[in-house]
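Visitor:
In the numbering used here, the protein residues as written are 22 to 310.
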């Protein structure tokens with residue numbers, strides 16, 4: 022069995038060559054196998070993250086019927102009348118929000134809290150503000166329509182629930198290790214050639230050419246990878262909880278508004294139609310402001 026002599030260029034200047042020879046194969050294996058483990062999630066996260074920029078256009082195309090009206094009328098119906106149309110078609114649940122149209126060709130969105138949708142989701146009903154016709158209902162996550170909610174789940178946990186979320190957090194955590202080990206290997210490989218750290222060898226061929234591009238590209242995107250890993254981990258399951266606790270201890274959280282009214286007098290119950298009285302006047306004042 023033949024043995025390949027390790028080139029001197031693969032030995033860091035500040036390291037004992039014998040120590041580097043012993044640890045370099047282990048570092049190579051760590052970089053390779055950890056990369057295989059992390060790569061699927063990184064690829065999916067990158068693609069879905071890129072698609073976030075196209076979500077408004079995708080939503081407009083997929084949900085055009087729900088989001089827009091066929092004909093722009095002369096005058097919009099009062100919000101109470103629009104709500105009555107919604108409740109006639111969807112009496113289930115309770116109304117949590119009403120979003121008037123921001124443009125003349127948009128529909129009014131009425132969000133209902135119902136029991137037959139996943140946790141943290143709601144049912145949003147879309148109504149024509151000119152005719153009161155209900156144009157459809159969708160299961161939404163906050164103000165996100167189903168397509169964006171689907172991409173968000175894929176981005177966070179690959180639609181695998183807690184298992185996928187744990188995997189995504191582990192992948193984000195290991196990306197630091199992969200990047201750090203890769204940088205160490207690349208510095209060792211280019212001892213005495215600092216230019217080769219950031220500029221690929223265009224004259225190389227075959228495997229050496231691929232390695233050159235891999236190493237230099239890794240150096241250039243190292244900071245971006247670290248930044249994305251940090252930002253992603255703040256939303257993760259375990260690291261995110263620790264970040265939230267740290268923010269609380271450092272008083273970096275936004276203050277919450279106390280909605281409790283003083284005194285012991287109980288308020289009188291209101292139905293939805295009564296609660297909306299005056300809403301149109303308030304909306305008009307806000308639009309004129």
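Beta carbons are placed, not taken as given, at the ideal position from N, Cα and C, and that holds for glycine. In this text, all values refer to a predicted model and were calculated from it rather than measured experimentally.
(1) Does DSSP classify residue 223 as helix, strand or coil?
(2) Does the beta carbon of residue 123 come closer than 7 Å to any beta carbon on chain C?
(3) Roughly how many whole angstroms lie between the Cα atoms of residue 293 and residue 139?
(4) Can you list, in chain order, the residues of its chain whose CB lies under 6 Å from that of residue 203, leaving out five sequence neighbours each side?
(5) Leaving out five residues before and five after residue 174 in sequence, what residues of the same chain have Cβ atoms less than 8 Å from its Cβ?
(6) What's the call for residue 308, buried or exposed, on a 16-neighbour Cβ count within 10 Å?
(7) Looking at the structure shown, is residue 35 part of a helix, part of a strand, or coil, going by DSSP?
(8) If you draw a straight line from the C-alpha of residue 302 to the C-alpha of residue 171, how long is it?
(9) Considering Cα atoms alone, identify which of 40, 147 and 112 is closest to residue 136.
(10) For residue 189, which residues of its own chain have a beta-carbon under 8 Å away from its beta-carbon, when the five flanking residues on both sides are left out?
(11) Might you give, ordered along the chain, the residues of its own chain that have their beta carbon closer than 8 Å to the beta carbon of residue 198, omitting 5 neighbours on each side?
(12) Comparing alpha-carbon positions, which option in 141, 152 and 148 lies nearest residue 162?
(13) Closest to residue 146 by C-alpha separation, out of 270, 154, 153 and 131, would be which residue?
(14) At what residue ranges does the region 47-92 contain a whole run of the alpha helix (DSSP H), taking only runs of 4 or more?
(15) I'd like the list of long-range same chain contacts for residue 89, defined as Cβ closer than 7 Å, with 5 residues on each side in sequence excluded.
(16) Note down, in chain order, each residue of its chain lying with its Cβ closer than 8 Å to the Cβ of residue 122, except the 5 sequence neighbours on either side.
(17) Whole angstroms is fine: what's the gap from residue 243's alpha carbon to residue 182's?
(18) Output the boundary residues of the alpha helix (DSSP H) element that contains residue 103.
(19) DSSP state of residue 303, grouped into three classes?
(20) Identify which residue in 212, 206 and 107 has its Cα closest to the Cα of residue 48.
(21) Should residue 60 be labelled buried (16 or more other beta-carbon atoms within 10 Å of its own) or exposed?
(22) What are the residues that DSSP puts in a beta bridge with residue 133?
(23) Which residues in the same chain have their Cβ closer than 7 Å to the Cβ of residue 325, if we skip the five residues on either side of it in sequence?
(24) Assign residue 184 to one of two classes, buried (16 or more other C-beta atoms within 10 Å of its C-beta) or exposed (fewer than that).
(25) Going by beta carbon distance, what residues of the same chain come within less than 6 Å of residue 99, once the five residues before and after it are set aside?
(26) I'd like the span of the alpha helix (DSSP H) that includes residue 157, first residue to last.
(27) For residue 74, which residues in the same chain have their Cβ closer than 7 Å to its Cβ, ignoring the five residues on either side in sequence?
(28) Short of 8 Å in beta carbon distance, which residues of its chain neighbour residue 80, apart from the five on each side in sequence? Order them along the chain.
(29) Please name the residue, chosen from 228, 227 and 232, that lies closest to residue 217 on a Cα-to-Cα basis.
(30) Could you check where the alpha helix (DSSP H) with residue 173 kicks off and where it finishes?
(31) Measuring CB to CB, does residue 237 end up less than 7 Å from residue 221?
Guide: A quick look at the data gives this:
(1) coil
(2) No chain C is part of this structure, which consists of one protein chain only.
(3) Straight-line Cα distance between these residues: approximately 25 Å.
(4) 52 and 239
(5) Apart from sequence neighbours up to five positions away, the residues of its chain that approach residue 174 with a beta-carbon distance below 8 Å are 180, ordered along the chain.
(6) exposed
(7) Reliability fails at residue 35, whose pLDDT of 49 lies under 50, so the model's placement of it is uncertain and the value that follows must be treated cautiously. Looking at residue 35 - three-state DSSP - the assignment turns out to be coil, as it is neither helix nor strand.
(8) 37 Å
(9) 112
(10) The beta carbon of residue 189 lies closer than 8 Å to those of 62, 66, 177, 178, 179, 253 and 257 in the same chain, with the five residues before and after it left out.
(11) Taking residue 198 as the centre and dropping the five residues before and after it, the same chain places the C-beta of 51 and 55 closer than 8 Å to its C-beta, in chain order.
(12) Residue nearest to residue 162 within the set 141, 152 and 148 is 141 (criterion: CA-CA distance).
(13) Answer by Cα proximity: 131.
(14) 76-83 and 85-88
(15) 126, 127 and 128
(16) 97, 128, 129 and 150
(17) 29 Å
(18) 100-110
(19) helix
(20) When each option's Cα is compared against that of residue 48, the closest is 206.
(21) exposed
(22) 116 and 144
(23) Nothing can be reported for residue 325: it is not among the residues displayed for the chain, which extend from 22 to 310.
(24) exposed
(25) 301
(26) Where residue 157 is concerned, there is no enclosing alpha helix (DSSP H), although the beta strand (DSSP E) it sits in stretches over 155-161.
(27) none
(28) 88, 166, 168 and 169
(29) Cα-wise, what sits closest to residue 217 is 232.
(30) 167-178
(31) Yes.
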